[in-house]
Ligand code: ZN
């Protein structure tokens, strides 16, 4: 196998309240809102992107905003936890900050050799803070409210909850190049190549409740393809392996293919290029509503259907 997966590109989840979502991911977690746009498949709803300064792959948490949507159920065939990477000495700081924000953080625990604190976002989405043994050299967004030595560096990884184990494990290791590095109870840890956001835990919960889509659940996880050529080869590899993979779809900020892994979790492979500065300068990322060209002619109608949001820095959209 010559193609490599460079860890997680982004994680996309569903929120029922865009304003609370912005206030939490920017105001509490200290991520940068790097893009305010619409769901390209449903332009009547927002799509919000958070990340580091430029929204580098491996740091991007994104949300479809479905105001008033029914709550989904977290369960099997879903990403049931998304873990961010923080520097080691900051757990006390974070536990207090999360408790003050009403997020009910867990006690500090150890899991497969790493320290972890679990908590929920305002929609009930399971999040984790994990410190990497060797630290994390990635540069955090310095414009948020968190001191730089404590700031989130990007993703640590995700947990997939699965009915079974074998087929998902084989796909990760034989097809996608992940290596199994540890296990604890029914949790099996795989690591991809790359320098951050490369951990995938498979949590085997036989007989567990199956997940359903709605507010408060993760919709899909995307992995990184280096460029369009690599993505094209991934598409061939996946199709040959019997995956029902989509054609390449232009998401303006990256190009995407989607397929389901054998346990039912929706996977995407997204290119690193062109990134979030393709339609606005780095200095003003996320400060106004950006629309892809095909929707620009309908801007007034689209804006009239979207709820008003207060953006970090004081602007409204
Ligand atoms: Zn995606």
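In my numbering, the protein residues as written are 1129 to 1445.
Note that the Cβ used here is the ideal one computed from N, Cα and C, for glycine as well.
Look up residue i in the DSSP assignment and give the residues it is bridged to.
i	result
residue 1207	1288
residue 1282	1213
residue 1308	1318
residue 1201	1340
residue 1179	1160
residue 1417	1164
residue 1174	1166
Tell me the residue span of the alpha helix (DSSP H) that contains residue i.
i	result
residue 1421	1421–1424
residue 1149	1146–1150
residue 1296	1294–1298
Mind checking which residues open and close the beta strand (DSSP E) that includes residue i?
i	result
residue 1429	Note, residue 1429: premise wrong, no beta strand (DSSP E); alpha helix (DSSP H) at 1427–1433.
residue 1256	1254–1259
residue 1246	1242–1248
residue 1132	It is not in any beta strand (DSSP E) - residue 1132 carries neither H nor E in the DSSP assignment.
residue 1226	Looking at the DSSP string, residue 1226 is not in any beta strand (DSSP E); the run it does join, the alpha helix (DSSP H), is 1219–1228.
residue 1238	1237–1239
Please name the residue in the options whose C-alpha comes closest to that of residue i.
i	options	result
residue 1174	1437, 1443 and 1442	1437
residue 1227	1212, 1393 and 1248	1248
residue 1337	1204, 1221, 1189 and 1252	1204
residue 1312	1331, 1305, 1306 and 1377	1331
residue 1170	1211, 1191 and 1340	1191
residue 1431	1149, 1172 and 1145	1172
residue 1263	1242, 1252 and 1246	1242
residue 1325	1354, 1387, 1274 and 1260	1260
residue 1134	1383, 1354 and 1344	1354
According to the Cβ coordinates, are residue i and residue j closer than 9 Å?
i	j	result
residue 1334	residue 1292	yes
residue 1281	residue 1187	yes
residue 1406	residue 1381	yes
residue 1288	residue 1329	yes
residue 1400	residue 1376	no
residue 1150	residue 1182	no
residue 1366	residue 1303	yes
Original post:
Which parts of the region 1348–1398 are runs of the alpha helix (DSSP H), unbroken and 4 residues or longer, counting only runs that do not cross its ends?
Top reply: Runs of the alpha helix (DSSP H) lying entirely within the region 1348–1398 and spanning at least 4 residues, in chain order: 1356–1368.
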